[in-house]
Every structure is written in structure tokens, then in C-alpha cells.
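Peer 1:
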Amino acid sequence: MHGLTRPLLVSLVVLAAALAAVPLLNEYVLYVAMLAALFAILAVSFDVLLGFTGYLSLAHGALFGVGAYCCAYLTARAEVSFWLALPASALLTAVIGALVAVLAFRTRDLYFAVLTLGIGLVGHQLFLVASGITGGIGGFVGIPSMPEIALFGSPSQQKLVVALIGVWITYLAATAFVRSPLGVACQAVREDHVLAQALGIRIAVARLSAFVFGAFFAGAAGALFATFSNFVAPESFAVLAAGFQVVVLVVVGGMGTLWGPILGAVLLTALPESLRVASTYSLLAYGALLLAFIIFAPRGIAGFLIDGARRLRSARAGREPSA
Amino acid sequence: MLELLPQQLANGLALGSTYALVAMGLTLIFGVLLIPNFAHGELYMLGGFLTYAGVTAGLDFWLAAVLATVLVMGLGVLVDRITFKPLEQASGLSLMISALAMSIVLQQIATITWGTEPRTIPNPVPGILRTPFASLTYHKLLIIAVMVLGAVGLWAILNRTRLGLSIRAVSQNRDAALLMGIEMWKVRAATFAIGAAFGALAGALLGAAFPIYPTMGVIPVLKALVVLVLGGIGSIPGAILGGLLLGVAEVLIAGYISSELQDIGAFVILVAMLLVRPQGLFGRAQIER
Numbered sequence: 001m002h003g004l005t006r007p008l009l010v011s012l013v014v015l016a017a018a019l020a021a022v023p024l025l026n027e028y029v030l031y032v033a034m035l036a037a038l039f040a041i042l043a044v045s046f047d048v049l050l051g052f053t054g055y056l057s058l059a060h061g062a063l064f065g066v067g068a069y070c071c072a073y074l075t076a077r078a079e080v081s082f083w084l085a086l087p088a089s090a091l092l093t094a095v096i097g098a099l100v101a102v103l104a105f106r107t108r109d110l111y112f113a114v115l116t117l118g119i120g121l122v123g124h125q126l127f128l129v130a131s132g133i134t135g136g137i138g139g140f141v142g143i144p145s146m147p148e149i150a151l152f153g154s155p156s157q158q159k160l161v162v163a164l165i166g167v168w169i170t171y172l173a174a175t176a177f178v179r180s181p182l183g184v185a186c187q188a189v190r191e192d193h194v195l196a197q198a199l200g201i202r203i204a205v206a207r208l209s210a211f212v213f214g215a216f217f218a219g220a221a222g223a224l225f226a227t228f229s230n231f232v233a234p235e236s237f238a239v240l241a242a243g244f245q246v247v248v249l250v251v252v253g254g255m256g257t258l259w260g261p262i263l264g265a266v267l268l269t270a271l272p273e274s275l276r277v278a279s280t281y282s283l284l285a286y287g288a289l290l291l292a293f294i295i296f297a298p299r300g301i302a303g304f305l306i307d308g309a310r311r312l313r314s315a316r317a318g319r320e321p322s323a
Numbered sequence: 324m325l326e327l328l329p330q331q332l333a334n335g336l337a338l339g340s341t342y343a344l345v346a347m348g349l350t351l352i353f354g355v356l357l358i359p360n361f362a363h364g365e366l367y368m369l370g371g372f373l374t375y376a377g378v379t380a381g382l383d384f385w386l387a388a389v390l391a392t393v394l395v396m397g398l399g400v401l402v403d404r405i406t407f408k409p410l411e412q413a414s415g416l417s418l419m420i421s422a423l424a425m426s427i428v429l430q431q432i433a434t435i436t437w438g439t440e441p442r443t444i445p446n447p448v449p450g451i452l453r454t455p456f457a458s459l460t461y462h463k464l465l466i467i468a469v470m471v472l473g474a475v476g477l478w479a480i481l482n483r484t485r486l487g488l489s490i491r492a493v494s495q496n497r498d499a500a501l502l503m504g505i506e507m508w509k510v511r512a513a514t515f516a517i518g519a520a521f522g523a524l525a526g527a528l529l530g531a532a533f534p535i536y537p538t539m540g541v542i543p544v545l546k547a548l549v550v551l552v553l554g555g556i557g558s559i560p561g562a563i564l565g566g567l568l569l570g571v572a573e574v575l576i577a578g579y580i581s582s583e584l585q586d587i588g589a590f591v592i593l594v595a596m597l598l599v600r601p602q603g604l605f606g607r608a609q610i611e612r
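Sequence order for the protein chains is A and B. Just so you know, the working numbering puts the end of the first sequence at 323, numbered straight through with nothing missing. Just so you know, the working numbering puts the end of the second sequence at 612, numbered straight through with nothing missing.
(1) So, at 6 Å on beta carbons, what are the nonlocal neighbours of residue 257 (chain A) in its own chain, with the 5 sequence-adjacent residues on each side left out?
(2) By how many angstroms is the C-alpha of residue 140 (chain A) removed from the C-alpha of residue 112 (chain A)?
(3) Identify every run of the alpha helix (DSSP H) within the segment 467-515 of chain B, keeping only runs that are complete inside it and at least 4 residues long; order them along the chain.
(4) Along chain A, which residues have their Cβ under 7 Å away from the Cβ of residue 409 (chain B)?
(5) Could you tell me the alpha carbon to alpha carbon distance between residue 193 (chain A) and residue 414 (chain B), rounded to whole angstroms?
(6) Give me the Cα-Cα distance between residue 1 (chain A) and residue 188 (chain A), rounded to the nearest whole angstrom.
(7) Would you tell me roughly how many angstroms separate the C-alpha atoms of residue 185 (chain A) and residue 102 (chain A), rounded to the nearest one?
(8) Whole angstroms is fine: what's the gap from residue 169 (chain A)'s alpha carbon to residue 215 (chain A)'s?
(9) Please compile the residues from chain B whose C-beta is within a distance smaller than 7 Å of the C-beta of residue 288 (chain A).
(10) Name the residues in the segment 297-321 of chain A whose C-beta lies less than 8 Å from a C-beta of chain B; which are they?
(11) Taking only the alpha-carbon atoms, compute the straight-line gap between residue 596 (chain B) and residue 133 (chain A) and give it to the nearest angstrom.
(12) Which of helix, strand or coil does DSSP assign to residue 311 (chain A)?
(13) So which residues on chain B does residue 139 (chain A) lean against when the C-beta distance must stay under 7 Å?
(14) In the DSSP assignment, what residue or residues form a beta bridge with residue 460 (chain B)?
(15) Please report how far the alpha carbon of residue 136 (chain A) lies from the alpha carbon of residue 228 (chain A), in whole angstroms.
(16) By a C-beta neighbour count over all protein chains shown, 10 Å radius and 16 as the cutoff for buried, is residue 202 (chain A) buried or exposed?
(17) To which residues of the same chain is residue 467 (chain B) closer than 8 Å at the C-beta, ignoring the five residues directly before and after it?
(18) In whole angstroms, what is the alpha-carbon distance linking residue 322 (chain A) and residue 307 (chain A)?
(19) Please specify which runs of the beta strand (DSSP E), each continuous and at least 3 residues long, are wholly inside the segment 210-237 of chain A, giving them in chain order.
(20) What did DSSP end up calling residue 293 (chain A) once you bin it into helix, strand or coil?
(21) Return the chain-ordered list of same chain residues with a C-beta closer than 7 Å to the C-beta of residue 58 (chain A), the five sequence neighbours on each side being excluded.
(22) So with CB distances below 8 Å, who are the chain B contacts of residue 244 (chain A)?
(23) Going along chain A in order, which residues have a C-beta closer than 7 Å to the C-beta of residue 436 (chain B)?
(24) Which residue comes first and which comes last in the alpha helix (DSSP H) that contains residue 22 (chain A)?
(25) Taking DSSP as the reference, what is the three-state secondary structure of residue 442 (chain B)?
(26) Can you find the residues in the same chain that come closer than 6 Å, C-beta to C-beta, to residue 611 (chain B), ignoring five residues on each side of it along the sequence?
(27) Would you report the Cα separation of residue 70 (chain A) and residue 63 (chain A), rounded to the nearest angstrom?
(28) Cβ closer than 8 Å: which chain B residues qualify as neighbours of residue 331 (chain A)?
(29) Compute the Euclidean distance between the alpha carbons of residue 9 (chain A) and residue 173 (chain A), then round it to the nearest angstrom.
(30) Might you give, ordered along the chain, the residues of its own chain that have their beta carbon closer than 8 Å to the beta carbon of residue 524 (chain B), omitting 5 neighbours on each side?
(31) Can you tell which of B:598, B:532, B:492, B:482 has its C-alpha closest to the C-alpha of residue 460 (chain B)?
(32) Under 8 Å, Cβ to Cβ, is there at least one residue of chain A near residue 415 (chain B)?
(33) Under the rule that 16 or more other beta-carbon atoms within 10 Å means buried, what is residue 304 (chain A), buried or exposed?
(34) Residue 421 (chain B) and residue 410 (chain B) look like a contact to me (Cβ under 8 Å); what is the Cβ gap, rounded to whole Å?
(35) Taking only beta-carbon atoms, is residue 598 (chain B) less than 8 Å away from chain A?
(36) Can you tell me whether residue 403 (chain B) is buried or exposed, with buried defined as 16 or more other CB within 10 angstroms of its CB?
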């Protein structure tokens, strides 16, 4: 658990800078930035499983949906306060994630991807079928907004501030997780699960905790998404929507780093919006980007930045003796 | 209820034949090259769309289907070149992500070309065969026949030609096969072309009875993967029997329990199979936990 001070300080500086920029943004940019922040939470939580444990799950979008519907139901129907519904949604999603994981981790590799793809498809189907709770294909209408926090400015600014703090908490929690003994065990599973097992590492506990960790924050992101949009529909949580998108964000941003996925989420959410690319092409662009990155730059944007920084440092180190 | 059983079984065999057709291509590619080709469902979809394009351009259905199959075979080789060849040394995880990306790209290209609204091809073989026990449309009989012919053809290629010999050699031991002077690129291209042909044929045939749309490949490829789990990955007889078994099971679930549960039923079978016998009916057990 050592060495947490540096990520804590760096992330605090980045968070402060982002928060300082909030009052400068107009309504539209606030909305886009809020979406990017929610996807950053989703991507970081997903990377703990994909990048650090080496399992490709296609059920993450469905877990995001579980959090969203849970929060929608709690705040709109049961009239629970949002601040109670948020942790409750995250916890429920974590519990469901644990059930899914117990099942899915009977398998590995292709089987795991297939099983989670099936779970993702069934999850989406259930959101459609269970219309008593979810509103079915018409969606869940009338989810109450988050209670006002006047300190953070206008409602749109409040949303962004809460989402940014959410990213920060997720990032710190993920950093703490991957550096904990459990997280290290996960990385051993990723490198060679047979060897890890032979070394006496309890791989079942490690990968289960990675999945549950991811599910918890996916649920929290879903709860924020529901209360920010006031409306959720099953289409957002389909395998081809959120489920596929997080894979792209993590791979393009940089698998196996925790800041890479944040970068991926920000760039990939902001770029199409700012370029006003017709939405018909956005999924094609996502697919092409994912393909290009996994083939030519499997370490993602983070890989470029790390290499660049190292080259810069070694260039500077090389110059110093002569100077 | 029971007097409907022969009819249900016949319907199940027809449905199962389509699963078997899709699964044979998928299992061939996985068994020989260890590549999880998620984009197989999109080859199936393109088989349907290209046949549709041929028919709307005024071609005869059979000619259009054959042309579509040949085109998709070429496309299958291209998909391998772009998606999997550059990742030969990479992990299975990268292969899966890249397959997923390719499948989205192909889906979106189809969406941009043809739009999302479902299309239909006029059925080339209208009519129903009536027997005392069950009646089947000629279209379903055609699918069963093509599946059987395809299986026989695949068996003949694998067991009676030099190319088949090299494919089998690579699937048994890639390194040893390379040392024997087998040219890997030929095996890859042939495997992908044959695999794609099965997907395209299934798409063309199904397109003549069911709507064609860009995401139509997702469910069949999931079902085909269920079939692979049932039959054992890489086993051709497993793909055929697994496909038929799944088809019959689904029809029975829909007929005797609830039609809403048909798709979920396939999934329950998948989970149960993975829990009880992960190597499938015909797979070899791996001694590893």
C-alpha cells in the first residue's frame, strides 16, 4: 500500500485544476464534460478487470444499467434520498457483480468473454422485459435530480463537480486496490494464472474482488447517470452501447494504467461532440480506433505518453553531464 | 401436447441445422488457428446482405447466394489479414478485442450501406412438404440439406485432400507442421475462406425466410459459441451435434414452456454445460484448474 502519496497529490492537483475550470464552461460543454467524467468512472473500474486482471468482460454495460435502474427505482418510486440511493445502488450492483463473477470465473479466455457477452445480452433483455420496474422499452421517466448543492454553482455545474469528484474517488480507490496484495495477486493472474496458483496465490479471491470492485463503481456511475439525465432507457446499457464503449475507452486510453482510461474517456467523449461527427459514423470510428490501437499501439495513448516522457528524461539525463 | 412432438423435433432439427452451419465455420477457425472470430456473425450477416443485393440487382437467388458466398470467402481472408495476422504473437485477449473491433466495423459498414431497416429476400423455394408425422417448409428442408452437404464437403476437404491434410496438421501441432514445410499462409487463408463460406451460406439461406439487418449476426454467433461449448471447441462433429441439440432444445423450451424463454434457455444450457462439463461433449478434458 506504500507510495500512495504521489498519486494522491497529483490527482488532487488535476482535480483542483478541473474544478477551477468548471465556472468557465458553457452549458453544452458542461454536459459533455459530465458525460466524459461518468465514462471515466466506468472505464477506470473496467480497467481493473481488463488491464490488471486480464479478463475481457462484456457485461460491464449491463452492470452500469443495474446501478442506473436501481438508483432510478430507489429515488423515484421508493423516494429514498439520492445520497442514500447512490451507495445502495453501487452495493447492489457489486452484489449482482459477485453473482455474475462466481458464475463467469468458472471459465477463462474465450469462454469468459462469451459467457459475459451472454450475461450482457440477457441483462439488456431483462431491462426490456421487466417493464414493471424499468419502464421497458419506453425507459424510466421522471428520475428526481440530485439535491441542490448551492456551493457548486448552477445545476449543470453541480453535476459536473459531483462527477469529477466521483472520478477522483474511483481513481484513488482503484490505485489503492491495484497496489494492495489483492491487486498484485490480480496482476499475477494476468501474467500467468497457473504459475500464480502454483505460487500459492489465491487467484479465485483476487479475480473475484477485481470483478466486484469494477461492478461497485460501474453501479455508482450508473446511479449518477440516472440522476443526472432524469431518464434512462435500456438502449444505453446494451452490449453494443456501454458494454463495447468501455472496452474502446480502456484500450485506446491505455490498458493497465489507471489514468489512461480517464484520458481515453475524455478524448473519445469530447472529440466526436466537438467535431460534431454524425452519430452514424461514431460507432464505426470507435471500432476502427479500437482495431488500430490493439494492433499498432496495444498500450494505448498512455503508452505513447510514457515512452515520450522516458525519452525526454533520458535526453535530459544525457545532456546534463556535458552541460 | 405430445402429438406435436414429431413436428417440434422437425422444427428443432431445421433450426439446429442453421446453428450447426454457423458453428462449423467458427469451430474450424478456432480449432485450427485458435482464433476466436467474433466477426463470424458479421460474415453471416454479409452473406445475407450480399445475396439480397444480388437479388435486388436482378440476379437469380441461387446465383446471388453463390456469388455472395464467394465474396464473403474473400472477405474472410481479408478479415484475417487485417484483424488477426498482425497479432500472431499477441495474447488471446488482444485477439478477442481485435475480433470484437472488426465485428463492430463490419456491422457499421453494413449499417451505412444498407441502413438499419430489415430487408427480406423472396423465398426461392415456397411450399410445404407434408408427411403423416410432421410438415416442413421446403425452405427448412433446404437448410437441413445444405448443412448435411456442407458437413460432408468439409469432411471430404479435411480428409481427402492435401490442403485438408495440412489444415489438420496445423491444428494438431502448429510448430511441427511448420517444420514439415507446410505453408502457414495457405492454411490460414484456406481455413478462413472455408469458415467464412459456412457463415455466408447460412446467412444467404436464412435471409430467404427471416429479415436481414446489420446486427443480425450477434445472436447467431452467440448461439454458435454456445454450440461450441456444447460440442467441444474445435470439434466438427461436436458443432453439428451441438447445433442440432441446441435447436431441438430451444424449440422444445419455446413449445412446452414459454417462447419468451427461448433465447434465455440457450444461455441456461451454456451455463449448465460450462459448470458440468466445460470441455463439451466431444472435447478433450484439459488437466488444469
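In this text, a Cβ means the ideal position worked out from N, Cα and C, and glycines have one as well.
Peer 2: Well, looking at it:
(1) On the first sequence, position 257 is the one that residue 257 (chain A) refers to. Only 302 meet the Cβ criterion.
(2) In the first sequence, residue 112 (chain A) corresponds to position 112, counting from 1. In the first sequence, residue 140 (chain A) corresponds to position 140, counting from 1. Cα-Cα distance, rounded: 31 Å.
(3) 485-495, 497-502
(4) Counting from one through the second sequence, the residue named residue 409 (chain B) turns up at place 86. Within chain A, the residues near residue 409 (chain B) are 295.
(5) Along the first sequence, one-based indexing puts residue 193 (chain A) at 193. Along the second sequence, one-based indexing puts residue 414 (chain B) at 91. Computed Cα separation, rounded: 14 Å.
(6) In the first sequence, the residue the question calls residue 1 (chain A) occupies position 1. In the first sequence, the residue the question calls residue 188 (chain A) occupies position 188. Because the pLDDT of residue 1 (chain A) is 48, which lies under 50, any placement of that residue in the model is unreliable, and the number read from its coordinates should be weighed accordingly. When rounded, the distance between both Cα atoms is 17 Å.
(7) Counted from its first residue, the first sequence places residue 185 (chain A) at position 185. Counted from its first residue, the first sequence places residue 102 (chain A) at position 102. Cα-Cα distance, rounded: 18 Å.
(8) Within the first sequence, the letter at position 169 stands for residue 169 (chain A). Within the first sequence, the letter at position 215 stands for residue 215 (chain A). Approximately 15 Å, taken between the alpha carbons.
(9) Taking the first residue of the first sequence as 1, we reach residue 288 (chain A) at position 288. Correct list: 428.
(10) 298
(11) Within the second sequence, the letter at position 273 stands for residue 596 (chain B). Within the first sequence, the letter at position 133 stands for residue 133 (chain A). Roughly 31 Å between the two C-alpha positions.
(12) Here residue 311 (chain A) corresponds to residue number 311 of the first sequence, with the count starting at 1. Residue 311 (chain A) falls in the helix class under three-state DSSP.
(13) Against the first sequence, residue 139 (chain A) aligns to sequence position 139. In chain order: nothing, as chain B lies at least about 19 Å away.
(14) Taking the first residue of the second sequence as 1, we reach residue 460 (chain B) at position 137. In DSSP, residue 460 (chain B) forms a bridge with B:451.
(15) Residue 136 (chain A) sits at position 136 when you count from the first residue of the first sequence. Residue 228 (chain A) sits at position 228 when you count from the first residue of the first sequence. Going by the C-alpha atoms only, they are around 20 Å apart.
(16) To locate residue 202 (chain A), count along the first sequence from 1; it is residue 202. Answer is exposed; the Cβ neighbour count stays below 16.
(17) Numbered from its first residue, the second sequence carries residue 467 (chain B) at position 144. Excluding sequence neighbours, residue 467 (chain B) sits near 336, 337, 340.
(18) Mapped onto the first sequence, residue 322 (chain A) falls at position 322. Mapped onto the first sequence, residue 307 (chain A) falls at position 307. With a pLDDT of 48 at residue 322 (chain A), under the threshold of 50, the predicted position of this residue should be treated as unreliable, and no value is reported.
(19) none
(20) The sequence position of residue 293 (chain A) within the first sequence is 293, counting from 1. Residue state, collapsed to three classes: helix.
(21) Taking the first residue of the first sequence as position 1, residue 58 (chain A) is located at position 58. Within the same chain, residue 58 (chain A) has close Cβ partners 113, 116, 117, 120, 239, 243.
(22) Taking the first residue of the first sequence as 1, we reach residue 244 (chain A) at position 244. 423, 427, listed in chain order.
(23) For this step, residue 436 (chain B) is matched to residue 113 along the second sequence. Those do not exist, as residue 436 (chain B) stays about 11 Å from chain A at its closest Cβ, beyond 7 Å.
(24) Taking the first sequence and counting its residues from 1, one reaches residue 22 (chain A) at position 22. Residue 22 (chain A) -> no alpha helix (DSSP H), and no H or E assigned at all.
(25) Your numbering for residue 442 (chain B) matches position 119 in the second sequence. If DSSP states are grouped into helix, strand and coil, residue 442 (chain B) belongs with the strands.
(26) Sequence index remark: in the second sequence, residue 611 (chain B) carries index 288 (1-based). Note that residue 611 (chain B) scores 43 on pLDDT, short of 50, meaning its location in the model is unreliable; the coordinates nonetheless yield the value given after this. Once the five neighbours on either side are set aside, residue 611 (chain B) has no close Cβ partner at all.
(27) As a working note, residue 70 (chain A) is residue 70 in the first sequence. As a working note, residue 63 (chain A) is residue 63 in the first sequence. Using only the alpha carbons, I get a separation of about 10 Å.
(28) Given that chain A is displayed from residue 1 to residue 323, the structure contains no residue 331 (chain A) and the question cannot be resolved.
(29) By 1-based counting over the first sequence, the position of residue 9 (chain A) is 9. By 1-based counting over the first sequence, the position of residue 173 (chain A) is 173. Distance between the alpha carbons of residue 9 (chain A) and residue 173 (chain A) is about 14 Å.
(30) Position 201 of the second sequence, counted from the start, is the residue given in the question as residue 524 (chain B). Excluding residues within five positions, the ones whose Cβ falls inside 8 Å are 344, 370, 388, 392, 469, 473.
(31) The residue you call residue 460 (chain B) lines up with position 137 of the second sequence. If we check each option's Cα against that of residue 460 (chain B), B:532 comes out closest.
(32) Position 92 of the second sequence holds residue 415 (chain B). It does: the Cβ of residue 415 (chain B) has a partner Cβ on chain A nearer than 8 Å.
(33) Sequence index remark: in the first sequence, residue 304 (chain A) carries index 304 (1-based). Residue 304 (chain A) is exposed by the Cβ-count criterion.
(34) The count along the second sequence starts at 1 and reaches residue 421 (chain B) at position 98. The count along the second sequence starts at 1 and reaches residue 410 (chain B) at position 87. Indeed they touch by this definition, with Cβ atoms about 6 Å apart.
(35) As a first step, residue 598 (chain B) must be located in the second sequence, where it is residue number 275. Chain A, which has a Cβ nearer than 8 Å to the Cβ of residue 598 (chain B), makes this yes.
(36) Taking the first residue of the second sequence as 1, we reach residue 403 (chain B) at position 80. Per the 10 Å Cβ criterion, buried.
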